[in-house]
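Peer 1: Submitted below is the structure of interest, expressed as structure tokens.
Residue numbers (this note's numbering): 188 to 472.
Shown next, in the form of structure tokens:
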């Protein structure tokens with residue numbers, strides 16, 4: 188029997204998210220695709236978790252459910268104390284803006300906006316601060332992910348794939364969410380650039396931020412603190428590391444972002460959070 192959301196909230200403890208019997212099915216003609224089929228899991232707080240599996244196993248659907256881009260057919264999902272399945276309207280919008288940051292395979296930057304404008308956009312949508320404050324924070328985030336200042340005002344079409352993904356990571360961090368969802372974030376990058384992006388993602392995890400990265404690449408999964416394996420809509424393994432098969436190590440990292448990764452990304456100040464209070468209030472409705 189599924190428990191109530193209040194029980195799952197009390198179970199969060201050291202977890203950023205906890206799910207119970209989460210289900211999402213799709214119709215495909217006469218057939219039913221069981222994309223996510225009654226899965227239960229916990230995402231430990233402050234860790235990088237790899238969701239590993241072949242294409243079509245349900246990884247993206249699960250990330251979409253966690254990110255409130257889609258609604259489950261049944262089951263419970265609690266993220267940072269929020270009952271995601273029960274959100275609606277303004278609460279759902281506020282959740283996506285303030286509780287999760289997305290990093291997509293295809294970058295998904297707004298082509299008409301510059302790099303710094305792309306990072307400012309989620310802050311503007313959340314009503315955070317004035318233009319000068321937002322621009323300063325966006326510039327600080329772009330500096331931390333290693334995008335040179337002379338590229339801050341370039342549009343995505345004038346940036347390399349690796350540079351676009353750096354911008355996407357900075358954008359995901361804009362409102363300082365507790366959970367980052369990365370869906371095959373290195374799939375369109377060469378191995379060296381992909382390794383740098385994985386290093387960036389690893390460095391985001393900390394006391395109050397969890398990273399969930401969906402990947403089919405076992406070498407990337409080995410960089411995670413924990414691994415969840417998905418197949419045919421089911422989670423059938425969860426362990427600290429995948430060690431059954433030797434894999435080629437990730438390429439040696441030779442480039443470094445302009446700010447040491449050990450320091451973590453820049454955090455917003457009190458004034459920034461005060462300006463987001465209205466959005467946070469929406470999550471309580």
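Beta carbons: idealized from backbone N, C-alpha and C, even for Gly.
With DSSP as the reference, label residue 232 as helix, strand or coil.
Peer 2: As a working note, residue 232 is residue 45 in the chain shown. In the structure shown, residue 232 sits in coil (DSSP, three-state: anything other than H, G, I, E or B).
Peer 1: Taking residue 330 as part of the alpha helix (DSSP H), name the residues at either end of that continuous run.
Peer 2: Sequence index remark: in the chain shown, residue 330 carries index 143 (1-based). For residue 330, the uninterrupted alpha helix (DSSP H) run begins and ends at 318 to 331, by DSSP.
Peer 1: Give the secondary structure of residue 262 by DSSP, where H, G and I count as helix, E and B as strand, and everything else as coil.
Peer 2: Here residue 262 corresponds to residue number 75 of the chain shown, with the count starting at 1. Of the three classes helix, strand and coil, the one that applies to residue 262 here is strand, per DSSP.
Peer 1: My guess is that residue 288 and residue 367 are in contact by the Cβ rule of under 8 Å, so how many angstroms apart are they, rounded?
Peer 2: The residue you call residue 288 lines up with position 101 of the chain shown. The residue you call residue 367 lines up with position 180 of the chain shown. Right, the Cβ-Cβ distance comes to about 5 Å (below 8 Å), so this counts as a contact.
Peer 1: Do residue 365 and residue 260 have their beta-carbon atoms positioned less than 8 Å apart in this structure?
Peer 2: For this step, residue 260 is matched to residue 73 along the chain shown. For this step, residue 365 is matched to residue 178 along the chain shown. Contact annotation: residue 260 and residue 365 have beta-carbon atoms that are not nearer than 8 Å.
Peer 1: Would you please state the rounded distance, in angstroms, between the beta carbons of residue 233 and residue 395? I believe it to be under 8 Å.
Peer 2: For the purposes of this step, residue 233 is taken as the residue at position 46 of the chain shown. For the purposes of this step, residue 395 is taken as the residue at position 208 of the chain shown. Yes, they are in contact, since the Cβ atoms of residue 233 and residue 395 sit about 7 Å apart, within 8 Å.
Peer 1: Going straight from the alpha carbon of residue 337 to that of residue 206, what length do you get?
Peer 2: Taking the first residue of the chain shown as position 1, residue 337 is located at position 150. Taking the first residue of the chain shown as position 1, residue 206 is located at position 19. Each residue's alpha carbon lies about 43 Å from the other.
Peer 1: By DSSP, does residue 402 sit in helix, in strand, or in coil?
Peer 2: On the chain shown, residue 402 is found 215 positions in, with the first residue counted as 1. If DSSP states are grouped into helix, strand and coil, residue 402 belongs with the strands.
Peer 1: Is the beta carbon of residue 220 less than 8 Å from the beta carbon of residue 209?
Peer 2: In the chain shown, counting from the first residue as 1, residue 220 sits at position 33. In the chain shown, counting from the first residue as 1, residue 209 sits at position 22. No; because the gap between Cβ atoms is not below 8 Å, this pair is not in contact.
Peer 1: If distances are taken between C-alpha atoms only, which option among 349, 390, 402 and 360 comes closest to residue 376?
Peer 2: Taking the chain shown and counting its residues from 1, the one referred to as residue 376 is at position 189. Nearest of 349, 390, 402 and 360 to residue 376, Cα basis: 349.
Peer 1: How far does the beta strand (DSSP E) with residue 207 in it reach, from first residue to last?
Peer 2: Translated into the one-based positions of the chain shown, residue 207 becomes position 20. Taken as a continuous stretch (DSSP letters only), the beta strand (DSSP E) holding residue 207 covers 202 to 215.
Peer 1: Classify residue 452 as buried or exposed, calling it buried when 16 or more other Cβ atoms lie within 10 Å of its own Cβ.
Peer 2: Start at 1 with the first residue of the chain shown, and residue 452 comes out as number 265. Flag for residue 452 reads buried.
Peer 1: Assign residue 353 to one of two classes, buried (16 or more other C-beta atoms within 10 Å of its C-beta) or exposed (fewer than that).
Peer 2: For the purposes of this step, residue 353 is taken as residue 166 along the chain shown, with counting starting at 1. When all chains shown are included, residue 353 counts as buried.
Peer 1: Whole angstroms are fine: how far does the CA of residue 331 sit from the CA of residue 447?
Peer 2: Counting from one through the chain shown, the residue named residue 447 turns up at place 260. Counting from one through the chain shown, the residue named residue 331 turns up at place 144. Any reading at residue 447 is ruled out, since the residue's pLDDT is 40, under 50, leaving its predicted position unreliable.
Peer 1: Looking only at its own chain, which residues have a Cβ that is under 7 Å from the Cβ of residue 202, when we skip the five neighbours before and after it?
Peer 2: Mapped onto the chain shown, residue 202 falls at position 15. The answer, listed in chain order, is 229, 230, 231 and 232.
Peer 1: Can you say whether residue 213 is buried or exposed, counting buried as having 16 or more other CB atoms within 10 angstroms of its CB?
Peer 2: Here residue 213 is taken as the residue at index 26 of the chain shown, counted from 1. Using a 10 angstroms sphere on the CB of residue 213, the tally of other CB atoms stays under 16, which defines it as exposed.
Peer 1: Which of the three DSSP states is assigned to residue 286 in this structure?
Peer 2: If you number the chain shown from 1, residue 286 lands on position 99. For residue 286, the three-state secondary structure derived from DSSP is coil.
Peer 1: Measure how close the beta-carbons of residue 236 and residue 384 come, nearest whole angstrom, since I'm counting them as under 8 Å.
Peer 2: Numbered from 1 along the chain shown, position 49 holds the residue referred to as residue 236. Numbered from 1 along the chain shown, position 197 holds the residue referred to as residue 384. Contact flag wrong, Cβ pair sits at about 16 Å.
Peer 1: Would you report the Cα separation of residue 325 and residue 216, rounded to the nearest angstrom?
Peer 2: Residue numbering aside, residue 325 sits at position 138 when the chain shown is read from its first letter. Residue numbering aside, residue 216 sits at position 29 when the chain shown is read from its first letter. Roughly 45 Å between the two C-alpha positions.
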